[in-house]
Every structure is written in structure tokens, then in C-alpha cells.
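*Asks:* Structure provided below as C-alpha cells; questions to follow.
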């Protein structure tokens with residue numbers, strides 16, 4: 001018997017993940033972003049990242065078209081960034097959200113914990129999502145704690161010294 005969507009969501013909510021924002025450019029030149037927590041490091045020796053995006057998302061077609069994107073893992077103080085890019089509504093970009101140009105159509109969120117400049121390598125259609133596999137062309141990072149998604153809410157890491 002297949003698990004229900006509710007059970008799967010509850011199960012996956014038990015696993016803490018970093019919160020990321022994928023950014024690329026729209027045709028009009030505006031930066032477009034989407035909040036993501038379904039991503040993986042595929043290889044370090046051959047720098048690659050995998051990002052799962054719904055086929056119904058506006059970002060889906062932009063990624064296929066542009067073939068480049070920036071992926072930022074947000075810092076603990078960037079909940080507003082995650083909330084902004086997870087909304088379907090068209091709001092003006094808040095002044096406190098700034099971008100770093102990572103080259104081409106790749107943009108990173110300023111002051112994020114990590115920023116990757118990515119070039120699409122392959123994509124795999126999987127029922128209602130596409131797994132985008134990209135080569136990491138460049139990486140920048142700060143030693144700032146990441147924003148964590150855990151038990152259906154934002155959280156922070158606690159570290160022992």
C-alpha cells in the first residue's frame with residue numbers, strides 16, 4: 001500500500017534541510033526566484049548539484065530556457081527571503097533583498113550562507129517534477145549559520161563548542 005501524501009509530508013518534515021533560493025532571469029530582465037528545500041550535492045570531484053522543481057512552477061521553464069541559475073542556501077536571518085520567493089503572489093521586491101551577479105543568468109542572494117553559479121547539464125522528468133542536474137561553475141560562502149526547515153517551520157542550528 002502506498003503512503004498517503006499527508007503521511008509523507010509529515011515524515012519528510014522530521015528531516016532538517018537547508019533552505020535555498022534558485023534565481024535566474026525572466027525575459028523582461030527581472031530576476032526570478034523560487035524557494036527550494038529539495039536539493040542534493042551530487043558530486044564534489046565533478047561539482048554538481050541536483051534541484052527538484054515542480055513542472056507547474058514558473059521557474060521550471062525559465063531554468064530550461066536559460067540553462068543557467070544561481071542557487072543560494074539562505075542564512076539564519078533570511079526567513080523573509082524564503083517567504084518572499086515561496087509566495088505565488090506578485091509583490092514588489094523588498095528593498096532588503098539584494099542580489100549578487102554570479103555571471104550569465106545566475107544570481108545569488110546577498111549575505112546567503114552559500115552561493116552557487118550553476119550551468120544546466122541534464123534534466124529528468126519525474127511525474128510532476130523535474131530533477132535539474134547542474135554543473136557548479138563557481139561557489140562563494142560565508143561562515144554564517146544556514147536557515148533550516150524542520151517540522152514544517154524555520155529553525156536554526158544549535159552548535160556545541
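In the working numbering, the protein residues as written are 1 to 161. Backbone N, C-alpha and C fix where the C-beta goes; we use that ideal spot for every residue, glycine too.
(1) Which same chain residues, not among the five before or five after residue 78, have their C-beta less than 6 Å away from its C-beta?
(2) Which one of 91, 138 and 122 has the shortest CA to CA distance from residue 104?
(3) Do you know how far the Cα of residue 49 is from the Cα of residue 42?
(4) Any chance you could list the beta strand (DSSP E) runs of at least 3 consecutive residues sitting entirely within the segment 11-50, in chain order?
(5) Would you list the residues sitting across from residue 115 in a DSSP beta bridge?
(6) Here's a check: name, in chain order, each residue in its chain whose Cβ is nearer than 6 Å to the Cβ of residue 33, leaving out the five neighbours to either side.
(7) Take residue 13 as the anchor and find which of 153, 118 and 157 has the nearest alpha-carbon.
(8) Quick one: residues in its chain with C-beta nearer than 6 Å to the C-beta of residue 100, no 5 flanking neighbours on either side, listed in chain order?
(9) Does the distance from the CB of residue 75 to the CB of residue 145 come in under 9 Å?
(10) Which stretch, first to last residue, makes up the alpha helix (DSSP H) that contains residue 85?
(11) Measuring alpha carbon to alpha carbon, tell me which of 129, 6 and 158 ends up nearest residue 54.
(12) Sorted by chain position, which residues of the same chain lie with C-beta nearer than 6 Å to residue 98's C-beta, five sequence neighbours on each side aside?
(13) Could you check the C-alpha separation between residue 1 and residue 8 for me, to the nearest Å?
(14) For residue 52, which residues in the same chain have their Cβ closer than 6 Å to its Cβ, ignoring the five residues on either side in sequence?
*Replies:* Walking through what the data contain:
(1) Sequence index remark: in the chain shown, residue 78 carries index 78 (1-based). Excluding positions up to five away in sequence, the list reads 147.
(2) Taking the first residue of the chain shown as position 1, residue 104 is located at position 104. Minimum Cα distance to residue 104 is reached at 138.
(3) Here the question's residue 42 lines up with position 42 in the chain shown. Here the question's residue 49 lines up with position 49 in the chain shown. Cα-Cα distance, rounded: 5 Å.
(4) 20-25, 31-36 and 39-43
(5) Position 115 of the chain shown, counted from the start, is the residue given in the question as residue 115. 72 and 140, per the DSSP bridge assignment.
(6) As a working mapping, residue 33 is identified with position 33 in the chain shown. Excluding positions up to five away in sequence, the list reads 21, 23 and 85.
(7) On the chain shown, residue 13 is found 13 positions in, with the first residue counted as 1. Checked all of 153, 118 and 157; the closest Cα to residue 13 is 153.
(8) By 1-based counting over the chain shown, the position of residue 100 is 100. Counting only Cβ-Cβ distances below 6 Å, and skipping sequence neighbours, we find 108 and 110.
(9) On the chain shown, residue 75 is found 75 positions in, with the first residue counted as 1. On the chain shown, residue 145 is found 145 positions in, with the first residue counted as 1. Going by C-beta atoms, residue 75 is nearer than 9 Å to residue 145.
(10) Translated into the one-based positions of the chain shown, residue 85 becomes position 85. Element bounds for residue 85: 79-86.
(11) The residue given as residue 54 occupies position 54 in the chain shown. Checked all of 129, 6 and 158; the closest Cα to residue 54 is 129.
(12) As a position in the chain shown, residue 98 is number 98, starting the count at 1. The answer, listed in chain order, is 110.
(13) As a working note, residue 1 is residue 1 in the chain shown. As a working note, residue 8 is residue 8 in the chain shown. Distance between the alpha carbons of residue 1 and residue 8: 13 Å.
(14) Position 52 of the chain shown, counted from the start, is the residue given in the question as residue 52. The residues are 38, 129 and 131.
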